[in-house]
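Colleague: Throughout, the working numbering is defined as the position within the sequence shown, counted from one, plus 259.
Even glycine gets a Cβ: it sits at the ideal position worked out from N, Cα and C.
On a predicted model such as this, the values are computed, not experimentally measured, just so you know.
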Amino acid sequence: MEFAELIKTPKLDNIIVKQPFRPPTEGTLCITSHHLIFSSRRNVGDELWLLHSMVDVVERKITGNGGIVILKCKDFRIIQLEIDTNEEFNNVSNSIEWLSNLDEPRLLYPFFYRPMFEIVEDGWSAFCIEHEFSKIQLYSDSWRISQVNKNFTICQSYPESVIVPKSITDETITAIANFRCLGRSTKANKFSDLYKLHNQAVLLRSGQPMVGTNSKRCKEDEKLINTVLGSGKRGYIIETRNQNLAQLARTKGGGFEPEVHYPLWRRVHKHIDRHSTLLDSLSKLIEVCNDTLCPMDKWLSRLESCGWLSHIKDVLMCACLVAQCVDKEGRASVLVHGAEGMDSTLQVCSIAQVILDPDCRTVHGFEALIEREWLQAGHPFATRCKHSAYTTPSARTREQSPIFLVFLDCVYQIYNQFPCSFEFNEQFLCVLFEHAYASQFGTFLENCVKQRKELNFMKKTVSLWSYLNRPEVLAEYLNPAYEPNNSVIWPSVAPQSIIMWEGMYLRWTIDQSINDKISKTVEQLKTYQKELRSKAIRLRRQLLELAVINT
Ligand SMILES: *[C@@H]1O[C@H](CO)[C@@H](O)[C@H](O)[C@H]1NC(C)=O
Ligand SMILES: *[C@@H]1O[C@H](CO)[C@@H](O)[C@H](O)[C@H]1NC(C)=O
Ligand SMILES: *[C@@H]1O[C@H](CO)[C@@H](O)[C@H](O)[C@H]1NC(C)=O
Ligand SMILES: *[C@@H]1O[C@H](CO)[C@@H](O)[C@H](O)[C@H]1NC(C)=O
Numbered sequence: 260m261e262f263a264e265l266i267k268t269p270k271l272d273n274i275i276v277k278q279p280f281r282p283p284t285e286g287t288l289c290i291t292s293h294h295l296i297f298s299s300r301r302n303v304g305d306e307l308w309l310l311h312s313m314v315d316v317v318e319r320k321i322t323g324n325g326g327i328v329i330l331k332c333k334d335f336r337i338i339q340l341e342i343d344t345n346e347e348f349n350n351v352s353n354s355i356e357w358l359s360n361l362d363e364p365r366l367l368y369p370f371f372y373r374p375m376f377e378i379v380e381d382g383w384s385a386f387c388i389e390h391e392f393s394k395i396q397l398y399s400d401s402w403r404i405s406q407v408n409k410n411f412t413i414c415q416s417y418p419e420s421v422i423v424p425k426s427i428t429d430e431t432i433t434a435i436a437n438f439r440c441l442g443r444s445t446k447a448n449k450f451s452d453l454y455k456l457h458n459q460a461v462l463l464r465s466g467q468p469m470v471g472t473n474s475k476r477c478k479e480d481e482k483l484i485n486t487v488l489g490s491g492k493r494g495y496i497i498e499t500r501n502q503n504l505a506q507l508a509r510t511k512g513g514g515f516e517p518e519v520h521y522p523l524w525r526r527v528h529k530h531i532d533r534h535s536t537l538l539d540s541l542s543k544l545i546e547v548c549n550d551t552l553c554p555m556d557k558w559l560s561r562l563e564s565c566g567w568l569s570h571i572k573d574v575l576m577c578a579c580l581v582a583q584c585v586d587k588e589g590r591a592s593v594l595v596h597g598a599e600g601m602d603s604t605l606q607v608c609s610i611a612q613v614i615l616d617p618d619c620r621t622v623h624g625f626e627a628l629i630e631r632e633w634l635q636a637g638h639p640f641a642t643r644c645k646h647s648a649y650t651t652p653s654a655r656t657r658e659q660s661p662i663f664l665v666f667l668d669c670v671y672q673i674y675n676q677f678p679c680s681f682e683f684n685e686q687f688l689c690v691l692f693e694h695a696y697a698s699q700f701g702t703f704l705e706n707c708v709k710q711r712k713e714l715n716f717m718k719k720t721v722s723l724w725s726y727l728n729r730p731e732v733l734a735e736y737l738n739p740a741y742e743p744n745n746s747v748i749w750p751s752v753a754p755q756s757i758i759m760w761e762g763m764y765l766r767w768t769i770d771q772s773i774n775d776k777i778s779k780t781v782e783q784l785k786t787y788q789k790e791l792r793s794k795a796i797r798l799r800r801q802l803l804e805l806a807v808i809n810t
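The structure is reproduced here in structure tokens:
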């Protein structure tokens, strides 16, 4: 298949484009293999570039002659193209529809994109496992790197090198992998400085144990889980499904750890919604957010009925519970899992780390968290983010789900409560959201390390981190109010504290540029404060000199 075959009308004059916060504009539309480019003759340099892969749904509205192509984007923006002849209307809408639904990853833009900047810090190697491991070694020598998953033989969705307890052999790990769902055995998370002085609590995540209806056991699994506890310690298993679902899973071969065989662990069920429930909820939220004609007495109840804020609250609450076990309850170890351990498990483990670990609140630490807890841990980005809020319910599959957006939203909630504790700003979170759905970079493509390796990503595409971490780009995403704080931050999960993320869901409805102004002002005030400080130091020095002269 050639792109040229799909692009029926590569260039089209005199079309009218409507997009948020702009007056309708007449100009020229170009369709290239990966972009839709619109430029008006009036404002040179004011071009619209849209990746085809950013288009969620193409809708057509037929008018007398020609029609309106409505592009509903994965970032919730809506763009309308008014085209006044039938043939061109059909050609353009069909082309965009095909180009936005390419299934073959090799045809996607990251494989064609050539950066216009020099790569200083290569994002592909910035977060390698050896680096992570060296951090763990700083405070514990009871872990090792294992190549047990070489060639992805025991777990398709995990990386080839994994960090495991020293006391556990590769044979044991293979046995455990056969017992855990999708071969996802437990994985330790680093715990930085805060914990190194204390008897180490470990945060583990895994897939469900394949206990089934006849209560299968796995001695190796029991051994591993009990080994990490340390003598005399107890741990918590946080199960992200409710009791019924977990029980039901047993009829399909899954299940949970029976207390008799894991006596030192206490199981707590904290249900978190997943699958298409989340996408339905997001869809409703986006609909409500753009309905500016909604009467006042309906607005809040509609916001409530889409359930989005409750989902956010559930994840935050579960993550707080995990953090609390690790930090408070006698520094207990925690194992988190749901069914496959690729969705809610990752949300909970990563939010808990944002709460506990100040390093995760820096730019580099947050990127490392996304690498470690999402990309390396096999969150299936390509499948989950194939569609966004605008797909019709009938076109949705169970697998499409804004799991990653829920995570970013939870981080935003914490950021909102602790605006000085994050090195990055809100726009940084928005940018990550956008790139997860459509990007020129290879970072979020495909579903796991194995698939990325097969496509030779590191050689063929550029990492998002290589781009973001350049000082001139990063400047835009830094929080001017950042004051590093080494303590654990406990977000409130009271309903009053959970807010709708305006910068995400209302940004095409209400102009958000006021926030940029506020952030500029804060930056100026900070510079001014610095100047005042150095002035004060100078004055103090002069005063001292005067005092010396006088005596
Ligand atoms: C529309 O597409 C057809 C090919 O399918 C092409 O022959 C025709 O020239 C196109 N029309 C316009 C106006 O670009
Ligand atoms: C919001 O709704 C209006 C019509 O009510 C529509 O014209 C516009 O494209 C929508 N915008 C977004 C971003 O949803
Ligand atoms: C890795 O596995 C693939 C099939 O899954 C196989 O074709 C290949 O030969 C294996 N490579 C090595 C080095 O074992
Ligand atoms: C750090 O955060 C904690 C918890 O919010 C707060 O009590 C403390 O004052 C903060 N410390 C600094 C130096 O900002």
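Under 8 Å, do Ser465 and Leu634 count as touching if we go by C-beta distance?
Modeller: Their beta carbons are not under 8 Å apart, which means Ser465 does not touch Leu634 by this criterion.
Colleague: Closer than 7 Å: is that where the CB of Glu346 sits relative to any heavy atom of ligand 1?
Modeller: At least one heavy atom of ligand 1 is nearer than 7 Å to the Cβ of Glu346, so yes.
Colleague: Could you check if Asn273 belongs to the surroundings of ligand 1, using beta carbon to heavy atom distance under 7 Å?
Modeller: No, the Cβ of Asn273 stays beyond 7 Å of every heavy atom of ligand 1.
Colleague: Apart from the five residues just before and just after Glu285, which ones in its own chain have a Cβ nearer than 6 Å to its Cβ?
Modeller: Cβ within range, chain order: Ile275.
Colleague: Report yes or no: do the stretch 546 to 560 and the stretch 612 to 632 share at least 3 C-beta pairs separated by less than 8 Å?
Modeller: With the cut-off at 8 Å, the stretch 546 to 560 and the stretch 612 to 632 do not touch.
Colleague: Counting C-beta neighbours from all protein chains within 10 Å, is the total for Asn410 16 or more, i.e. buried, or is it exposed?
Modeller: With fewer than 16 Cβ atoms within 10 Å of its Cβ, Asn410 is classed as exposed.
Colleague: Restricting to Cα atoms, I'd like to know which of Asn728, Ser393, Asn738 and Ser535 is closest to Trp383.
Modeller: When each option's Cα is compared against that of Trp383, the closest is Asn728.
Colleague: Consult DSSP for Gly624 and reduce its assignment to one of helix, strand or coil.
Modeller: Helix at Gly624.
Colleague: Let me know if Ser603 comes out buried or exposed under the rule of 16 or more other beta-carbons within 10 Å of its beta-carbon.
Modeller: Ser603 should be labelled buried.
Colleague: Taking only three categories from DSSP, how would you classify Phe640?
Modeller: Of the three classes helix, strand and coil, the one that applies to Phe640 here is helix, per DSSP.
Colleague: Just to confirm, does Asn350 get its C-beta within under 7 Å of one of the non-hydrogen atoms of ligand 1?
Modeller: The answer is yes for Asn350.
Colleague: Roughly how many angstroms separate the alpha carbons of Gln788 and Asn738, rounded to a whole number?
Modeller: If you take the alpha carbons of Gln788 and Asn738, they lie about 16 Å apart.
Colleague: With a Cβ-Cβ cutoff of 8 Å, do Cys584 and Tyr495 count as a contact?
Modeller: Contact flag set, yes.
Colleague: In its own chain, which residues sit with a C-beta less than 8 Å from the C-beta of Gly325, not counting the 5 before and 5 after it?
Modeller: Excluding positions up to five away in sequence, the list reads Glu341, Ile342, Asp343, Thr344, Asn345, Glu347 and Phe348.
Colleague: Looking at ligand 1, does it come within less than 7 Å of Lys776, judged from the CB to the closest heavy atom?
Modeller: Not under cutoff, so the answer is no.
Colleague: Within this structure, are the beta carbons of Ser312 and Tyr368 separated by less than 8 Å?
Modeller: Yes, these two residues count as a Cβ contact at 8 Å.
Colleague: Taking 7 Å as the cut-off, does the CB of Lys409 come closer than this to any heavy atom belonging to ligand 1?
Modeller: No.
Colleague: Using DSSP with H/G/I as helix, E/B as strand and the rest coil, what is Ile769?
Modeller: It is coil, neither helix nor strand.
Colleague: Beta carbon of Leu733, beta carbon of Val607: below 8 Å?
Modeller: Cβ distance not < 8 Å, so Leu733 and Val607 don't count as in contact.
Colleague: Kindly indicate which residue of Ala505, Gly513, Gly471 and Glu430 has the alpha-carbon position closest to the one of Lys482.
Modeller: Selected option, being the one with the closest Cα: Glu430.
Colleague: With a 10 Å radius around its C-beta and 16 neighbouring C-beta atoms as the bar for buried, classify Gln406 as buried or exposed.
Modeller: Per the 10 Å Cβ criterion, exposed.
Colleague: Do you know how far the Cα of Glu419 is from the Cα of Ala648?
Modeller: Each residue's alpha carbon lies about 34 Å from the other.
Colleague: Using 8 Å as the threshold, is the C-beta distance between Ala505 and Glu498 below it?
Modeller: Contact flag set, yes.
Colleague: Locate the alpha helix (DSSP H) running through Val670, then write down its first and last residues.
Modeller: Here the alpha helix (DSSP H) through Val670 covers Ile662 to Gln676.
Colleague: How would you label Gly491, buried or exposed, when you count the other beta carbons within 10 angstroms and need 16 or more for buried?
Modeller: Per the 10 Å Cβ criterion, exposed.
Colleague: If I'm right that Cys669 touches Ile610 with Cβ under 8 Å, what's the distance once you round it to whole angstroms?
Modeller: Contact holds; Cβ gap of about 5 Å.
Colleague: For the candidate residues Ala460, Ala740 and Pro750, whose alpha-carbon lies nearest to that of Val781?
Modeller: Nearest of Ala460, Ala740 and Pro750 to Val781, Cα basis: Ala740.
Colleague: How would you label Val519, buried or exposed, when you count the other beta carbons within 10 angstroms and need 16 or more for buried?
Modeller: Exposed, because fewer than 16 other Cβ atoms sit within 10 Å of the Cβ of Val519.
Colleague: Any chance the stretch 673 to 688 sits against the stretch 701 to 711, with 3 or more Cβ pairs inside 8 Å?
Modeller: Judged by Cβ distances under 8 Å, the stretch 673 to 688 makes no contact with the stretch 701 to 711, as fewer than three pairs qualify.
Colleague: Whole angstroms are fine: how far does the CA of Leu310 sit from the CA of Ser698?
Modeller: Going from the Cα of Ser698 to the Cα of Leu310 covers about 8 Å.
Colleague: So for Gln583, helix, strand or coil by DSSP?
Modeller: Three-state DSSP puts Gln583 in a helix.
Colleague: Helix, strand or coil: how does DSSP classify Cys289 here?
Modeller: Of the three classes helix, strand and coil, the one that applies to Cys289 here is strand, per DSSP.
Colleague: Which whole-angstrom value describes the C-beta separation of Ile327 and Lys333, a residue pair presumed to lie in contact below a C-beta threshold of 8 Å?
Modeller: Actually they are not in contact, since the Cβ atoms of Ile327 and Lys333 sit about 20 Å apart, beyond 8 Å.
Colleague: Considering only heavy atoms of ligand 1, does any lie closer than 7 Å to the CB of Thr287?
Modeller: No, ligand 1 has no heavy atom inside 7 Å of this Cβ.
Colleague: To which residues does DSSP link Ile355 through a beta bridge?
Modeller: Per DSSP, none; premise fails for Ile355.
Colleague: Cα separation between Ile413 and Pro743?
Modeller: Roughly 41 Å separates the two Cα atoms.
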